[in-house]
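First to last, the sequence lines map onto chains A and B.
Once you know that position 54 of the first sequence is 67 in our numbering, the rest is easy, because the numbers rise by one and skip nothing.
Once you know that position 64 of the second sequence is 655 in our numbering, the rest is easy, because the numbers rise by one and skip nothing.
For every residue, glycine included, the Cβ atom is placed at its ideal position computed from N, Cα and C.
Following: one structure in structure tokens, then a few remarks.
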Amino acid sequence: MQQASSMKRNGAVAADLSLMRRVAAADRHAQRVLAHRLAARVQRISQRLIRNRADADDAAQLALIEILRSAGTYQDISSIERWADRITVRTVLRHARNQRRKPWHLGALVDVETVSAPPPEEAEPRAAAPRPVDEYLAELPAARREVLVMKHSLGYTTQEIAELTNSPVGTIKDRLVAARKQLRKLIGRDLRMRSPERENDL
Amino acid sequence: MSAPVNEHERYLELADREACDEALTADEREFCRAFEQRYAPRSLGQSGEIAMGSQGHPAVTHELAMYADLSRMNPAPDASSRALVDRALARLDFEAAAEAAAEAARKSDELNEINLLRRSRRPGWGAWVTVAGFALGALYAVLDRTGVGLPGTASTPLARAELVYASGTVKVSDANGAAGRTLLAAGSVIETQSGGACVLIDNDINVCLAPNSRMRLTNIAGPARIIDLESGKLATRLSTQPEGMSLSIVTSGIASTAVGTAYSVERLDGADGPQAITTVLNGKVRVGRHDAEQSDAVIVNAHERAVSQGHSHGRGPVAKPSVTSVRRTEEAPSWALLGPTVLWHDPVAATLEVHGDPAGAEAWLDDQWLGATPVSSLIPVGEHRLTVRKDDRDLLSRDLHVHAGDAHDIRYEAGQPAPTAQLRAADDERPAGAHVRRSSRMRDYKSSAHASRDDDLDLGPERPEPESGAELLRQARQAVRAGQFRGAALVYEKLIDAHAGSEEALAALVALGQLRLNQLSDPRGALKPLDTYLRHGGALEEVARVARIDALQKLHRADDERVAIEDFLRQHSRSFETKRLRARLDALRQSKDVSPNAP
């Protein structure tokens, strides 16, 4: 049984490696397959790291292009998704920093209208948080939001986050604790605003 | 019952430490596990709600639920992720082509340099070339006079232009056109209705026509190829042309000329005459008056847009185009027009035609959007899966084995009638969520310019459950990205009507104003939502004021515009727009040109 699952895993790894080699060789079909496999995930990471939806879409596009270009660097020490996550995070953070440096950009016009937009899919069962997670993320400052997403969405260690953001580990820990505390406060506020009957239900 | 305060605080402290990758002792880990088991059970009920016992601690439970939500990172692909893939691949293709062209140009430059060096070392070489040139010229002249042709030396270069994509009804010089069957001669007129059409010229110039547009292939054989855009919008993408060759898109007397780039040109007919809007996606485009010295022409770079005031017959003075930068998201509709070109990126081999009843179904080849049926297109060889869908129901799903030279003619039929009533007109402009409920309040926001047309539409049945404001905003935003501006305006109107006073509705007022002003060329219609927003006030006041000033300028209401600018400068003295508006105010004061339309 264990041998069968190991063989299956090895087969999947070989298939991934073959796919990435074909992408690196600019195989059109392979590029499309890889892009479809990763697009929704790249989009979600980008939307969680950047509050402005238009900027997040731009960043997701840049990240997907970067992933397709970098296929030659893939090694089978991690899954394709894990490898692509790092490229996505780096690209999205770079894009976000560039946008923040601009004193004014037209994207700000659509920011307000898209802040409260829900994530594109509704198929997954959502845990019963008082509000959708994206709404809470939108209320956090960018630096805290980034750390929180990298920790709890992508599962990076504080050391890895520090490397990705070029920040000291201590700073990352401070931001993470601050983000969690702020999140706690927001949840507490929402729960207090609920009617007493509802709270009793809880 | 909730957890004792000291236990709760200890748990939070330990949880934060664990999140920071600090190692907990065995006792501390055991404490956390026990706390979570007692106060924050994570099991989900059938409805997705947290099943919580009487001892549950809401704050901790919801915090854990939040982290569980955050960790879900594999959403199912949807239309927006598929669109992302198309955009990314199209951009990758284009950049690869641009890099190849740049490399070729670099090699060509190197060769030229080498030749120059050789010439400098051998002074006699140039003289030999000149003599040979004269001799060849004399020989050609003699042969030409005697009527003897030389192979490959026709006086006019040959060109091959072909209709390679057609969605919906596409007329080619008033006859029905289909991809792969219609070769185009100079002077051909291509006209689209609800769908789009693409023409491929000499395998390296793609010209894609938007719905409800019309173009004439005035000169396709070069060296100066000319396409007249008679109405609507087109986008073109061409590889670097040989020296001396160029492509010009001419509309209302304005020519947008490039030797290798991607750009779109749109003709808008307004009260002040037609406007040509050139949006450059890549490379550089020269925009200026056609048939003129080009002294007033401007060079428009990538991610810039030139707006030129033209003339109905292409004659008369033409003002210098104004150039502004555009966001990448604003370029998306133009890239989308070029979307089908990825189908014949590889060496072209086969033709696919999809038609049947009902028409207007969505046809997909693999994950590539083909178009609304009937549709015909060139497609690459290989294994493909064709899917035809209407109203979320698959009408056809079939594997295709495509070989070189194949001509696939696929017909589908609906087994059952469509489950929901559909819009009768302007389907292609109306996104899925645009079933508009009529009310007197909504008509207040409706633009007078579009009201009469909308009143003719069968807007479909009312939806029993209203969509949320956020959902409507998302739909409107998607429609804008897809270039469906009229549809987006309808969704904004619906949002304003259904969720009056909400934050989303307030944001929609400003977005609607900007949409009418910039995309729908309806400054009068833009004023109403902007004024409504400004009466209420909010974080977008500055933006709304700027849009209102631009609308007043377009309406030539100089007095109102002056007052609005003065008001803006008082309220937002440190705005990014201050410099531009101060200059405009000075100009207004100097001209003292008060419009008779001013109240």
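Asked: Sub-8 Å separation of B:T809 and B:D795 beta-carbons; Found: no
Asked: Beta carbon proximity, A:D71 to chain B, threshold 8 Å; Found: yes
Asked: Meets three-Cβ-pair contact criterion under 8 Å: the segment 98-113 of chain A and the segment 1091-1111 of chain B; Found: no
Asked: Element boundaries [beta strand (DSSP E), containing B:V878]; Found: K875 to R880
Asked: Environment of A:R95 [buried if 16+ CB atoms lie within 10 Å]; Found: exposed
Asked: CB contact below 8 Å: A:R188 versus chain E; Found: The structure shown has no chain E; the protein chains it does contain are A and B.
Asked: Neighbouring residues, chain B, relative to A:R181 (Cβ below 7 Å); Found: Note that residue 181 of chain A is Pro in the sequence shown here, rather than Arg. Neighbours of A:P181 on chain B: none; closest Cβ ~13 Å, over 7 Å.
Asked: Beta-carbon spacing of B:G1074, B:A1096 below 8 Å; Found: no
Asked: Nearest candidate by alpha-carbon position, reference A:I58, set A:R35, A:L161, A:D203 and A:P143; Found: A:L161
Asked: Nearest to A:E148 (by Cα), restricted to the options B:M657, B:V676 and B:A752; Found: B:M657
Asked: Contact set for A:L51: own chain, Cβ-Cβ below 6 Å, skip 5 residues either direction; Found: A97
Asked: Cβ-based neighbour list, B:A770, same chain, cut-off 7 Å, excluding 5 preceding and 5 following; Found: L754, V755, Y756, A757, T942, S967, S968 and L969
Asked: Presumed contact (8 Å Cβ cut-off) between B:V850 and B:T870, rounded CB distance; Found: About 18 Å separates the two Cβ atoms, so there is no contact after all.
Asked: DSSP three-state assignment for B:S804, whether helix, strand or coil; Found: coil
Asked: Three or more C-beta pairs below 8 Å linking the segment 775-785 of chain B and the segment 984-996 of chain B; Found: no
Asked: Beta-carbon proximity list for B:L775, same chain, < 8 Å, skipping 5 on both sides; Found: A752, E753, L754, V763, I781, V790, L808 and I811
Asked: Residue from A:A43, A:A109, A:Q112 and A:D70 with nearest C-alpha to A:L82; Found: The amino acid at residue 82 of chain A is misidentified as Leu; the sequence shows Arg. When only C-alpha atoms are compared, the closest one is A:A43.
Asked: Identity of the residues DSSP links to B:I781 by a beta bridge; Found: B:V763 and B:M806
Asked: Residue-level contact to chain A via CB, B:P898, 8 Å cutoff; Found: Reading off the sequence, residue 898 of chain B comes out as Val, not Pro. False, the Cβ-Cβ gap to chain A never drops below 8 Å.
Asked: Cutoff 6 Å; reference B:I890; Cβ partners in own chain excluding five residues on either side; Found: K875 and R877
Asked: Residues near B:R1180 in its chain [Cβ-Cβ closer than 8 Å; skip 5 each side]; Found: R1153
Asked: Exposure label - B:H653; buried when at least 16 CB within 10 Å; Found: buried
Asked: Beta-bridge pairing of B:Q866 - partner residues as DSSP gives them; Found: B:L859 and B:Q900
Asked: Assigned exposure category for A:M206 - 16 Cβ within 10 Å defines buried; Found: exposed
Asked: Sub-8 Å separation of B:L615 and B:L603 beta-carbons; Found: no
Asked: Contact check, B:H894 vs B:V914, beta carbons under 8 Å; Found: no
Asked: Option nearest B:D948 by Cα separation, candidates B:R976, B:E921 and B:E1004; Found: B:E1004
Asked: Alpha-carbon to alpha-carbon, A:R193 and B:A650; Found: 12 Å
Asked: Within chain B, the residues that A:H165 reaches when beta carbons sit closer than 7 Å; Found: Y658, L661 and S662
Asked: Reference B:D985; option with closest CA among B:T848, B:E953, B:P802 and B:A1130; Found: B:E953
Asked: For B:W955 and B:V979, the rounded distance between their alpha carbons; Found: 6 Å
Asked: Residue interval of the beta strand (DSSP E) (run including B:C789); Found: A788 to I792
Asked: Per-residue contacts from B:N1109 into chain A (C-beta, under 9 Å); Found: Under the 9 Å cutoff, chain A gives no residues; its nearest Cβ is about 11 Å from B:N1109.
Asked: Residue-chain proximity (A:G201, chain B), Cβ-Cβ < 8 Å; Found: yes
Asked: For B:E600, the residue or residues it bridges with in DSSP; Found: BP columns for B:E600 are empty, so no partner.
Asked: Chain A contact for B:H653 (CB, 8 Å cutoff); Found: yes
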